[in-house]
Amino acid sequence: MVSLLKKLEWNYIVVIYDMDNYGKEGYESLKTRVKNENICIKSSFGIPIDENGAVTSSSLRTFLDDTAQLSVTGAVVFSTAVHIKILLNAASLRLAETSDQISFLFSEGIDLTRSSVRDNNDNVYEPAKGAYVTAPPRSYVNEFESYWKNMFKNISRLVEESETNSWLKNVFSFYSDNNCFPSNDSANPGCNELTQSEIDKIGENNLYTSYAIESASLLAKLLKDVHTVKCSGSDGFCENMKSVIYNEKGFILDKIKDISVDLKKEMPFLPEVLENKTLSFATTADVISDTQYNVYNTRKCLTDDSKFCFVEIGKYLNSSLTLDTSLVRDYHKSSIGKTWPNINRAQCLAGQKCSVCILDDLTKEVLYEDGDIIVAGIIPIYNKDNGDPLGCNGIRTSLSVEIAEAMEFAVKEVNRRIGKYQNIFPGKKIGYAFINSCNQPLVVQSKILELLQKGVLQKDGTFTPISHKLVGWIGAYGSSISLAASQILSKFGYIQIAYASTAAVLSDRNEHPYFMRTCTPDDKQAKAMIKIIQTMQSNYIQVVYSEGTYGEGGRDAIRKEAQLAKICIRNEIVVKEGEVYYQILNKLRVNPSAKIVIMFLRSHVVDLVTSAINEKMDYGEFMFIGSEAWGYRPDQFQEKKKLVGSITLALRMAENDNFTSYLGDLNVYTNTHDPWLREYTEKKFDCYFNTSFDKTSENPCNENLRLTDAPSFKQEIWTPFALNAMLVLLSGTSDAFNELCGSGSPSLCDQFRLKPDTVRNRVLQQTFDIANDGNEIRMFDDNGDGNVGYRIYNIQRSPLDTNVLIYEQVGQSPLDEANFKLETETLVKPDGMVLPAVCPNTKACSECFPNENNTPNDVREISVDGNKTVTTVLGAFVGILTLAVTILVGCILMMKRNRYPDDDTYLDATDPYLTPSDTNRDGNNVYQRSTDSPNNSADSGITVRDTNI
Numbered sequence: 001m002v003s004l005l006k007k008l009e010w011n012y013i014v015v016i017y018d019m020d021n022y023g024k025e026g027y028e029s030l031k032t033r034v035k036n037e038n039i040c041i042k043s044s045f046g047i048p049i050d051e052n053g054a055v056t057s058s059s060l061r062t063f064l065d066d067t068a069q070l071s072v073t074g075a076v077v078f079s080t081a082v083h084i085k086i087l088l089n090a091a092s093l094r095l096a097e098t099s100d101q102i103s104f105l106f107s108e109g110i111d112l113t114r115s116s117v118r119d120n121n122d123n124v125y126e127p128a129k130g131a132y133v134t135a136p137p138r139s140y141v142n143e144f145e146s147y148w149k150n151m152f153k154n155i156s157r158l159v160e161e162s163e164t165n166s167w168l169k170n171v172f173s174f175y176s177d178n179n180c181f182p183s184n185d186s187a188n189p190g191c192n193e194l195t196q197s198e199i200d201k202i203g204e205n206n207l208y209t210s211y212a213i214e215s216a217s218l219l220a221k222l223l224k225d226v227h228t229v230k231c232s233g234s235d236g237f238c239e240n241m242k243s244v245i246y247n248e249k250g251f252i253l254d255k256i257k258d259i260s261v262d263l264k265k266e267m268p269f270l271p272e273v274l275e276n277k278t279l280s281f282a283t284t285a286d287v288i289s290d291t292q293y294n295v296y297n298t299r300k301c302l303t304d305d306s307k308f309c310f311v312e313i314g315k316y317l318n319s320s321l322t323l324d325t326s327l328v329r330d331y332h333k334s335s336i337g338k339t340w341p342n343i344n345r346a347q348c349l350a351g352q353k354c355s356v357c358i359l360d361d362l363t364k365e366v367l368y369e370d371g372d373i374i375v376a377g378i379i380p381i382y383n384k385d386n387g388d389p390l391g392c393n394g395i396r397t398s399l400s401v402e403i404a405e406a407m408e409f410a411v412k413e414v415n416r417r418i419g420k421y422q423n424i425f426p427g428k429k430i431g432y433a434f435i436n437s438c439n440q441p442l443v444v445q446s447k448i449l450e451l452l453q454k455g456v457l458q459k460d461g462t463f464t465p466i467s468h469k470l471v472g473w474i475g476a477y478g479s480s481i482s483l484a485a486s487q488i489l490s491k492f493g494y495i496q497i498a499y500a501s502t503a504a505v506l507s508d509r510n511e512h513p514y515f516m517r518t519c520t521p522d523d524k525q526a527k528a529m530i531k532i533i534q535t536m537q538s539n540y541i542q543v544v545y546s547e548g549t550y551g552e553g554g555r556d557a558i559r560k561e562a563q564l565a566k567i568c569i570r571n572e573i574v575v576k577e578g579e580v581y582y583q584i585l586n587k588l589r590v591n592p593s594a595k596i597v598i599m600f601l602r603s604h605v606v607d608l609v610t611s612a613i614n615e616k617m618d619y620g621e622f623m624f625i626g627s628e629a630w631g632y633r634p635d636q637f638q639e640k641k642k643l644v645g646s647i648t649l650a651l652r653m654a655e656n657d658n659f660t661s662y663l664g665d666l667n668v669y670t671n672t673h674d675p676w677l678r679e680y681t682e683k684k685f686d687c688y689f690n691t692s693f694d695k696t697s698e699n700p701c702n703e704n705l706r707l708t709d710a711p712s713f714k715q716e717i718w719t720p721f722a723l724n725a726m727l728v729l730l731s732g733t734s735d736a737f738n739e740l741c742g743s744g745s746p747s748l749c750d751q752f753r754l755k756p757d758t759v760r761n762r763v764l765q766q767t768f769d770i771a772n773d774g775n776e777i778r779m780f781d782d783n784g785d786g787n788v789g790y791r792i793y794n795i796q797r798s799p800l801d802t803n804v805l806i807y808e809q810v811g812q813s814p815l816d817e818a819n820f821k822l823e824t825e826t827l828v829k830p831d832g833m834v835l836p837a838v839c840p841n842t843k844a845c846s847e848c849f850p851n852e853n854n855t856p857n858d859v860r861e862i863s864v865d866g867n868k869t870v871t872t873v874l875g876a877f878v879g880i881l882t883l884a885v886t887i888l889v890g891c892i893l894m895m896k897r898n899r900y901p902d903d904d905t906y907l908d909a910t911d912p913y914l915t916p917s918d919t920n921r922d923g924n925n926v927y928q929r930s931t932d933s934p935n936n937s938a939d940s941g942i943t944v945r946d947t948n949i
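In UniProt numbering, the protein residues as written are 1 to 949.
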C-alpha cells in the first residue's frame, strides 16, 4: 500500500478503519511504515459500532466533512465490504451537496465484491468510481460461479442445501426483491427462484473464493496426512488423531510447514484456474506466493465501457510495485475519467503550508552510506537558532547541500577506482556519514559524540556503529564549529580537514594537533587587505566583524597588520546575528572620513548586512573590502548598485567539471537518498514540488529541475575546497592504512587509531593539481594549513550593460608576498568617492597613535609594492584650514546649544554624536556621548545649517 501511495504521489491523507483487530492493525502498520516516506496522515477515524454491531452513516459523514475542511482529498480505508458500502453511501450523499470530492484507496477488506460499491438501485456510487484497491491476486473460479448462481435457480436443491447451510437463506433474501425464501412445502411454497436480474446482482466471485477452495483442499490434505501417521491405515477418526487435533497444535503447525499440495492431484474436480497451482509454506506457516499483492482500479470495464469493473492495473512482486499507468482512470470531479498523469493527487494544496506534516527532525538526519571504510563530514545544512544554542533554523541556500553533494561525489569517484583513484583503499567500499551542524558549536559536539558512541540512527530507531570503520573527518565550515569539533576529535586522534575555516587560532598545533584545512588562515588574508589599503595610499579605516571565532580572529589579525603598517583603525563594529543590520551604517557614519571599511563577516550574514547597507547608504559614502567569506558571489549583488567599487578577496581552487556534470544529472524530484536535497532546492529556486508540505511559493517546481539550472551556474566558492579535502583525506589515510595495517587487511587495525601522527603525516604529504594546470603541489604547508593564495576582485558595472554588476579580477595575493599585485588602473572606486582615506585632523591621528607625534601635517612615507614611496604634500595647508573650519563651526554650534540645550538623559547607538569608546567582554561597543560639539570631534563630516523658524 505504501508503494502505491508513493506511486500515486498521495502524501497528505486521512485513514478510516474498523475498530477491530483487522482495522487497528492495518492503521498502526501504515502509520509506522509511512513515517519515513514523506507521507503524512493528517487525521484518522475509527468507525464506531453500536451494541448491535451496526454502523451509522452520520458519524462517517461528519468525518468526511471534517476531512474536506482540512483540504485533504485522499482517504485510505481498512474496513469490511459492508462498512465500506455505508461509507460510500455517506460520501455520495455528501457529494450531492458539495463539490469537495474525496478519492479512496481500499484494503482487501472490500472483497472486490460487486455489491460493496453499488447502491440499492444497483448503481455504482459516484465516490467509488476511480477508487483503488490493494488485495491478494484474484482468481476467477468459473466452475464455482456457475454452480453458485445455478443454485438460486433450483428451488429443491436450494432448500436441501439450506438445511445444512442456514446462511443460504440470508443470501437468497438479500438478493431477492421480495425478501423471502422458497420452500418445498406445496401448502406454503414461499417465493420463487431468483429472476435473472436478481441473479445478476450477485456478480462475480468474491476475492477469497479461490482461497477458500485452496484452504479446503489444504485442510483435506493435512487431515489425510495426519490420519495416515496417527491412525495406522485404519478407517475413521481414530482416538490418536483426535488427541493430536485437540491437544497437539504444534504437531499440526509443523505439518503445515512441511506440506506441499499439488491441487491437481488432490482434487478430482479441480477448477481450471487452479490446475497448475502448488501450495507450500514458509517456516512462519504463511503461504509462499510469487505475487504478493495486486492493485485494482474501479473503472469502466475494458470489454464494456457501459459498466464498471475492478480492473487489475498493477502487481507488487518481490518488494517492487509495477503499475500500468495507461490503465488508470480517475473520476475525481470528472464523469468521463481522467488519465495518467492528470489524476487526483492527495497532496497539500497549492498556496497552503501543511505545517503539521513538516518533519522537524530533518536537521537531525544523517546523509549515510555504509562501507568497509567510513569518512565523516560536518556541514551547515541549516542556520542556527539565535535564541537557542541547541536549536536550528531554516535551511541554508548556499554553502550547505552543494558541499554535501560534492563530498558524496568525491567518495563515489574514488569507489569507481578509475585512473588516479585506483589505489585508494582498493577492494574496499568507502562509505560516509555527513551530519548537519546548524552552525552551532554545542549541536556539532553532541552529534559527534553520538556518532562515535552509538553510530548512525536508522529509520527503525536502531543505531549502526561506525567508529571502528572511521578514518577521519571533513569539516567544518565555520571556524567556531571547527574549533568545537577539534576539541573532541583531537582527543580521539581523528584527522580533521576543514574546507572553509580560516581563523588564525586554528593554526595552533599544540591545541589542535590533528586539525588541517584546505583553505588559507586569516592572518595571511589580513596582510593582503592591509596591502590593498596601502596601495590606495590610505591610512584611516573602520572594521566590521562578526561575533565569534571567525570574525574576532579576523579583527585581531587586521589590528596586528594595521599597527605594523601605521594604519589607523578608527572604529570596530561587532555584528551579532539577528540584529537590525542597517544600524551598522549609522555606526559607520560616526566616522565618515574613515571611508574604507574592512568586513570580516560570516558567510551567511554577508548578504543580509550588505543588503541593509545598500538600502540606506548614499552613493560613494563608503568603500568596502570584504574577506573571503564575502568572496565571489555575483548573483547576490546584482541589485546592490551602491556597492559598486567594493573589493573582495577570494580563495579560489579550480572547479571540478565532472562534479558540475554530476549535479546536472542529479534528479532532485526522485532522489530520496539526500534527506535535505528537496527542501534546499525548493528554497533556492523559490518553488515547490508536488509532494511538498509547504506550497506558499507561487511557483511550482519543474519535476526535471536540476541544481545546475540556476542562471549562470557556477560552483560555490568553497565547493572545490570540500571536494578536494575529501579526496586528500582518502588518499592520505589509504597510504597510512597500507603502512600501519597492510593493504590486505579487511578492516581498520588498532595501529591506525593508535598512531594518529603517522596518519597525519601521510595526509600532510599529499599532492594535488589544485589549479587544474597539470602541476601537482602540496595541498598543505608544513603546519597543515592551506596552500592557496587570494584573488582580488572589484565589483564593477559591466561594460556591456551598466545595469549588470560583475566581479572583475584586479589583482592577486599569493602566499609569497613579493608577488602581490593590485591593478589600480583597472580598479573602480565607489561612485563619487575621493581617495585616499586619511585621518582628517590632528586629534584623529593622535587618538589612533597616542604615543606618536603623527598628524596629517607630517610628511609620511607609505610603502607600496615594496619599492614605492608616496609623499603626502600640502599637509600643513590642509591642517590649518581644517582647524579654522573646526573652530568656526564649533562657535556656531555653541550658540545653538545655548538656544536649544541637549537632553543628555538618553544614549542611542545610532546617534551620530556617539562613538564607541570601548568594548565589553562580549565584544559589544560601549557608547558615550562626546562632550564636544560634533564639529569639534576628531572626525566629523556633519554640516550644520540654520533652520528658518
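We put the CB at the ideal spot given by N, CA and C, even for glycine.
Remember, it's a predicted structure, so these values are computed and weren't measured experimentally.
Would you kindly check if the distance between the Cβ of residue j and the Cβ of residue i is under 8 Å?
i, j, result
"S176", "E198", "yes"
"I374", "S437", "no"
"A91", "L64", "yes"
"I495", "R760", "yes"
"T672", "Q715", "no"
"L740", "F721", "no"
"V606", "V575", "no"
"K596", "M623", "The question names Lys, yet the displayed sequence has Ile at residue 596. Closer than 8 Å, so yes."
"H512", "L748", "no"
"A485", "A526", "no"
At a Cβ threshold of 8 Å, is residue i touching chain C?
i, result
"F63", "No chain C appears in this structure, which consists of one protein chain only."
Looking only at its own chain, which residues have a Cβ that is under 6 Å from the Cβ of residue i, when we skip the five neighbours before and after it?
i, result
"residue 967", "Because the chain here runs from 1 to 949, residue 967 falls outside it and cannot be looked at."
"S139", "S210 and V273"
"C238", "C231"
"S731", "I424 and Q766"
"K333", "Q101"
Can you tell me which of the three DSSP states residue i falls into?
i, result
"E198", "helix"
"L5", "helix"
"E511", "coil"
"C519", "coil"
"G875", "Residue placement at G875 cannot be trusted, given a pLDDT of 46 that sits under 50; the coordinates are not used to answer."
"S546", "strand"
"Y680", "helix"
"K300", "strand"
"R797", "strand"
"E572", "strand"
"V133", "strand"
Count the other CB atoms within 10 Å of the CB of residue i; is the residue buried (16 or more) or exposed (fewer)?
i, result
"D523", "buried"
"N52", "exposed"
"G475", "buried"
"W167", "exposed"
"Y147", "exposed"
"K31", "exposed"
Given residue i, which residues of its chain have a CB within under 7 Å of its CB, disregarding the five upstream and five downstream residues?
i, result
"L323", "K7, V295, I313 and G314"
"E823", "V810 and G811"
Ignore the nearest five residues each way along the sequence and tell me which others in residue i's own chain have a CB closer than 8 Å to its CB.
i, result
"Q487", "Q445"
Does the pairing of the region 631 to 649 with the region 803 to 814 give three or more beta-carbon distances under 8 Å? Proximity of the region 631 to 649 to the region 803 to 814 meets the contact definition, three or more beta-carbon pairs being nearer than 8 Å.
- prompt: Touching or not, the region 575 to 583 and the region 608 to 624, by the rule of three or more beta carbon pairs under 8 Å?
  reply: They touch, by the three-pair rule.
For the structure I just gave you, are there three or more beta carbon pairs, one from the region 542 to 550 and one from the region 641 to 656, closer than 8 Å? At 8 Å Cβ cutoff, the stretches do not touch.
Touch check for the region 14 to 27 and the region 69 to 80: three-plus C-beta pairs under 8 Å? At 8 Å Cβ cutoff, the stretches touch.
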